[in-house]
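Read through the structure below, which is laid out as structure tokens, and then see the notes.
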Amino acid sequence: MELKLGKVNISDIQFGEKTQIEDKTLFINKEELVEYLMEDSNIKSVEIELARPGESTRIIPIKDIIQPRTKVEGKGGVFPGFVNDLETVGTGTTYFLEGCAVVTCGKILHVQEGIIDMSGPGAKYASFSKMNLIVPLIEPKDDIDEHTHEKAIRLAGLKTAAYLGEAAKEVNSDQDEIFTYDPVDEAKKLYPDLPQVVYVNMIQCQGLMHDNYVYGLNMKGMLPGLITPTEIFDGAIVSGNCAAPCHKHTTFHHQNNPIVVDLMRRHGKELNFLGVILTKESTMLAEKKHAAEYTLNVAKMVGAQGAIISEEGGGNPETDLMLTCEMLEENGIDTVLVTDEYAGRDGRSQGLADVTQKADAVVTNGNGNELVKLPPMDKVIGDISAVETIVGGFKGSLHDDGSISVELASLIGCLNEMGFENLTTKLK
Amino acid sequence: MKIIYYINQFFGNIGGEEAANQPPVIKEGAVGPAGGLENMLEGKGEVVATIICGDSYFAENQSEAKDKILKEISKYKADIFVAGPAFNAGRYGIACGSICQAVQEKLKIPALTAMYPENPGVDPYRKEVYILKTGDSAASMRKALPKMAEFIPRLLSDEEIGFPEEEGYIPQGRRVNIFSDKSGAVRAVDMLMKKMKGEEFDTELPMPVFTHVEPVPGIILDEATIAVITTGGIVPWGNPDSLKASNADRFLIYNIEDIDDLKEGEYQTVHGGYDPVYANEDPDRILPLDVLKELESEKVFNKLYNEYFVTVGNTTAVSNARKFGEDIAERLLNDGVDGVILTST
């Protein structure tokens with residue numbers, strides 16, 4: 001199975017007459033996009049804002065981030081089950097807009113949304129600050145409940161990304177990379193002597209707006225199973241998650257899963273990448289055991305010798321992470337865990353809610369409790385008052401001059417547990 | 001730069017074990033290793049006084065010895081306090097750590113000591129005091145003193161002190177955010193490759209050992225006073241006391257004597273880690289007051305404690321949580337509460 005990913009570089013975004021890409025600038029027909037999004041009867045109004053790297057702009061409260069992509073050749077379309085029909089994706093050619101992302105903004109719960117600063121000290125933590133951002137500000141109809149609201153914003157984000165991605169069809173890609181996935185039996189014949197590796201991708205599906213979707217369906221209750229790496233690049237996994245912004249996987253992170261990318265690049269050279277085991281993080285202990293047991297089962301079926309396990313979120317998902325680690329290790333499968341920490345503002349506390357002594361190889365993506373002060377910005381997209389209620393914020397976060405004091409936990413994507421960023425901790 | 005130096009009876013040339021009961025004496029100028037250190041500072045620092053105290057005396061009369069030493073030190077307007085190096089001498093190590101900590105806390109003078117990492121003086125004091133790493137015997141004095149001389153200006157500088165491996169101190173147990181030159185994903189694959197090949201690798205997060213709480217024997221319910229605590233963030237509507245949605249820095253107490261049911265619009269959750277819709281619809285789903293009142297009236301237990309305790313468990317540091325637990329437990333014990341129902345989310 002082979003997927004060609006074509007990178008289309010975007011260095012600026014502007015509103016224009018027609019949605020198109022010219023000289024690396026993405027022009028957006030605002031009216032057309034708004035009209036498309038307003039097709040959803042749950043939406044009362046949509047504003048489209050733009051934010052560029054280096055601008056004095058703060059975006060808050062953010063729900064999801066999505067990369068514009070489009071299928072240029074091959075079966076199906078991006079975000080199958082949502083924007084396009086339900087067909088298996090992951091083959092042919094897909095183009096994506098590099099340096100560009102859709103950021104859905106607007107109040108849902110006002111506790112679980114995040115922040116992006118386009119400049120200043122807050123801009124160093126997550127890659128999104130370095131991208132050109134298209135921000136649909138979505139106001140729902142007055143009478144809808146929170147769950148319908150979440151769904152409406154989720155869909156609007158995916159539709160915007162697919163709509164903008166279409167523009168890439170008219171241009172040539174700047175750089176192509178081919179990702180090849182060999183079926184397990186062939187891979188085993190081709191690379192019998194390389195380390196046999198799986199990636200265990202734990203995603204939240206806890207109900208209550210902590211959900212992720214696979215081919216349009218909630219992962220909740222599903223049996224852990226294999227998904228090919230290239231399907232993920234085509235948007236087969238979509239975030240519907242309203243959890244702590246610093247360490248939930250946005251849809252962007254799924255589309256660009258950096259562990260999958262790195263394993264694919266080393267496949268056939270340093271290791272034999274047998275596939276991705278997609279598994280769930282539930283809140284119930286029985287379901288946690290179910291997920292861990294069955295992950296082990298699938299890992300054994302494909303003959304894995306080593307596994308990377310990434311966590312989504314923190315707190316009770318640490319039990320999923322540690323249970324799965326324990327089971328794999330006890331069955332002779334070497335594991336590396338990818339997580340983050342809540343070690344207190346002074347970094348002196350234990351940073352995880354659950355541990356096992358079997359977890360002897362752990363990558364940490366930083367301490368979410370670190371307090372940072374971020375200067376005022378000339379422009380705020382969204383609603384700055386949210387800063388006092390979101391995760392990482394507190395009463396007193398917003399200062400009179402517009403500067404804010406927050407824990408890193410409020411900066412979306414900054415402690416991403418797929419290891420998308422470079423932040424980590426060191427003992428002092 | 002004025003330095004005050006602390007050494008034991010042995011390094012103070014008073015005697016060996018037979019002189020270990022020597023009470024603190026103060027001598028003007030540098031004695032023993034203090035002289036060596038002063039030389040290495042090449043005129044940048046002067047040891048104005050050396051305090052010499054027997055190891056056994058300090059161990060057996062800690063608070064008295066400390067008081068006396070602090071009183072003596074406060075006479076000099078010193079910039080820095082230095083103790084040791086203690087190498088692997090246990091009583092000496094504890095004395096060095098203890099007196100350094102007291103000088104920092106009471107006199108606000110930065111302090112430095114040095115010892116072997118396994119010295120029992122390391123663990124109780126490394127969190128607050130910079131302890132440089134030395135060899136296990138006085139044979140490593142030649143190596144230890146230059147390190148101390150190098151580190152002293154760091155204590156007075158505005159520049160942040162670097163990581164233990166660069167600066168030579170024993171880790172103080174603070175996890176600090178830094179940027180790596182590789183992404184977390186690439187580091188994870190690198191680590192897996194090393195682990196699978198049996199090569200050495202460094203985990204980025206050694207697993208802490210959790211303390212386990214042993215369940216206590218059951219209680220007799222019909223005589224018992226029961227309290228209810230939640231980490232689910234249930235507070236009066238509008239969150240009048242501003243409980244944080246995450247990393248809580250306090251717990252709150254609310255009276256429930258005259259309330260039989262937590263009603264929508266009167267109570268809510270502020271927890272930032274779960275969907276609040278169902279909790280706000282009926283806050284009893286998180287803090288089951290309605291059922292507890294019923295059970296109380298049915299005399300299933302004797303009495304419901306008249307207040308409830310609430311905090312938020314969302315990304316809250318374990319150190320905070322432990323403190324809340326201790327404070328709440330103390331209060332409940334004083335008020336004769338026999339049992340607690342703790343609801344989490």
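These protein sequences, in sequence, are chains A and B. If you're matching positions, the first sequence starts at 1 in this note's numbering and goes up one per residue. If you're matching positions, the second sequence starts at 1 in this note's numbering and goes up one per residue. Just so it is clear, CB atoms sit at the ideal spot from N, CA and C, and this is done for glycine as well. Because the structure is a prediction, the values reported are computed rather than measured.
Neighbourhood of residue i by C-beta distance below 7 Å, restricted to the same chain and skipping five residues each side
i	result
L304 (chain B)	I226, L292, K293, E296
V214 (chain A)	A236, I237, L278
K99 (chain B)	For the sequence presented, residue 99 (chain B) should be read as Ile rather than Lys. If we look at I99 (chain B) and ignore the five residues flanking it on each side, its Cβ neighbours are Y6, K66, I69, A83.
K358 (chain A)	C325, E326, E329
E73 (chain A)	G92, T93
K2 (chain B)	E46, V48, Y76, K77, A78, D79
N302 (chain B)	D222, E223, A224, T225
Nearest residue (CA-CA) to residue i, options the options
i	options	result
T319 (chain A)	A:V302, A:C414, A:V355	A:V355
K300 (chain A)	A:G332, A:E270, A:L285	A:G332
A245 (chain B)	A:P68, A:L86, A:G393, A:I48	A:G393
Q206 (chain A)	A:Y181, A:K248, A:E166	A:K248
I308 (chain A)	A:I277, A:K188, A:A291	A:I277
G216 (chain A)	A:A386, A:E407, A:F82	A:F82
E47 (chain A)	A:E98, A:G106, A:V78, A:E341	A:G106
I178 (chain B)	A:F179, A:D340, A:M264	A:D340
G54 (chain B)	B:E72, B:F81, B:G15, B:M207	B:G15
H212 (chain B)	B:S344, B:S74, B:R322	B:R322
E22 (chain A)	A:L352, A:K63, A:S11, A:L427	A:S11
D282 (chain B)	B:R250, B:Y274, B:M40, B:I234	B:I234
I62 (chain A)	A:I227, A:K7, A:S410	A:S410
V184 (chain A)	A:V198, A:E39, A:E55	A:V198
L226 (chain A)	A:L190, A:T283, A:Y294, A:E421	A:Y294
Neighbouring residues, chain A, relative to residue i (Cβ below 7 Å)
i	result
R175 (chain B)	E341, A343, G347, G351, N367, T425, L427
T203 (chain B)	D360, A361, V362
V318 (chain B)	S349, Q350
K303 (chain B)	Here the premise fails: no neighbours, minimum Cβ distance about 32 Å.
Backbone secondary structure at residue i - three-state DSSP
i	result
C100 (chain A)	strand
G16 (chain A)	coil
V144 (chain B)	The amino acid at residue 144 (chain B) is misidentified as Val; the sequence shows Ala. It is helical.
M131 (chain A)	coil
P23 (chain B)	coil
K395 (chain A)	coil
M115 (chain B)	strand
Q305 (chain A)	coil
F201 (chain B)	coil
G382 (chain A)	strand
Partners in chain A for residue i, counting only beta-carbon separations shorter than 8 Å
i	result
R187 (chain B)	V363, G419, T424
P164 (chain B)	L427, K428
A245 (chain B)	V111, T389, I390, V391, G393, F394
K182 (chain B)	N422
Where residue i meets chain B, residues with beta-carbon distance less than 7 Å
i	result
K395 (chain A)	S242
Cut-off 8 Å between Cβ atoms - residues of its own chain near residue i, not counting five sequence neighbours on either side
i	result
K75 (chain A)	E87, T88, V89, T91, G92
R266 (chain A)	F273
N13 (chain B)	V31, G32
L137 (chain A)	V46, E47, I48, E49, C105, G106, I381, G382
Within chain B, partners of residue i - CB distance below 8 Å
i	result
H267 (chain A)	Those do not exist, as H267 (chain A) stays about 11 Å from chain B at its closest Cβ, beyond 8 Å.
A243 (chain A)	G273
Sheet register partners of residue i (DSSP bridge)
i	result
Q429 (chain A)	In this structure chain A extends from 1 to 428, so residue 429 (chain A) is not present and cannot be described.
Q196 (chain A)	A:N272
G240 (chain A)	A:D211
M1 (chain A)	Its beta-bridge partners do not exist; DSSP assigns none.
Y254 (chain B)	B:Y308
F27 (chain A)	A:Q14, A:Q20
G45 (chain B)	Its beta-bridge partners do not exist; DSSP assigns none.
K71 (chain A)	A:T94
E177 (chain A)	A:L5
C53 (chain B)	B:N8
G114 (chain A)	A:I62
S319 (chain B)	Paired residue(s): none; S319 (chain B) is not in a bridge.
Listed by chain order, chain B residues near residue i by CB distance under 9 Å
i	result
G306 (chain A)	L192, M193, K195, M196
D334 (chain A)	L192, K195, M196
Proximal chain A residues relative to residue i, where beta-carbon distance stays under 9 Å
i	result
K147 (chain B)	By Cβ distance, chain A contributes nothing, its closest Cβ being about 18 Å from K147 (chain B), past 9 Å.
K323 (chain B)	Chain A residues near K323 (chain B): none, gap ~10 Å exceeds 9 Å.
V277 (chain B)	L109, D145, E146, H147, L208, M209
Cut-off 6 Å between Cβ atoms - residues of its own chain near residue i, not counting five sequence neighbours on either side
i	result
S56 (chain B)	A20, N21
Check: residue i C-beta below 7 Å from any heavy atom of the ligand SAM
i	result
M131 (chain A)	Only the bare structure without any ligand can be found here, which leaves the ligand SAM out of the picture.
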